[in-house]
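Residues in the sequence shown are numbered consecutively from 14, following the numbering used here.
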Amino acid sequence: AHEEHAGNTRVFDVEQEFTPVSLSTGVVWDFAPSYNLGLSVSRSERAPSVSELLSFGPHIGTGTYEVGALFDIHEDGHFGLSEQALDLETA
14 AHEEHAGNTR VFDVEQEFTP VSLSTGVVWD FAPSYNLGLS VSRSERAPSV
64 SELLSFGPHI GTGTYEVGAL FDIHEDGHFG LSEQALDLET A
């Protein structure tokens, strides 16, 4: 016999909310004929995946014991400066 239950069943009583934000900007300056200078800055965030949050138990492939729900937003930043000589094209 099948018994129906009203409402939602929660397997894990964990509620987490993430709002990752990513930003980037860059400029290129042509400081002389056929030469330019570029600058870029970026910052990105990533929310953990479902497997990172809910893993709990042995991982057969790596031989480790994983415990999830301990992750926070992952942050990464980048700063780049480039100088490039451009070849003159004629037609």
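Here a beta-carbon is modelled for each residue, glycine too, at the ideal position from N, C-alpha and C.
Checklist entry - Roughly how many angstroms separate the alpha carbons of V40 and P46, rounded to a whole number? => result Start at 1 with the first residue of the sequence shown, and residue 40 comes out as number 27. Start at 1 with the first residue of the sequence shown, and residue 46 comes out as number 33. Whole-angstrom Cα-Cα distance: 17 Å.
Checklist entry - Closest by CA to Q97, which one among Y48, F44, S35? => result Counted from its first residue, the sequence shown places residue 97 at position 84. That would be Y48, whose Cα lies nearest to the Cα of Q97.
Item to check | Segment limits, beta strand (DSSP E) that includes E96 | outcome: Position 83 of the sequence shown, counting from 1, holds the residue named residue 96. E96 -> beta strand (DSSP E) spans 87-98.
Next on the checklist: Pull the bridge partners of E102 from the DSSP assignment, please.
Outcome noted: Working through the sequence shown from its first residue, we reach residue 102 at position 89. None, per the DSSP bridge assignment.
Checklist entry - Among F84, G51, E79, D89, which one has its Cα closest to the Cα of L36? => result Position 23 of the sequence shown, counted from the first residue, corresponds to residue 36. Residue D89 is the option with its Cα nearest to L36.
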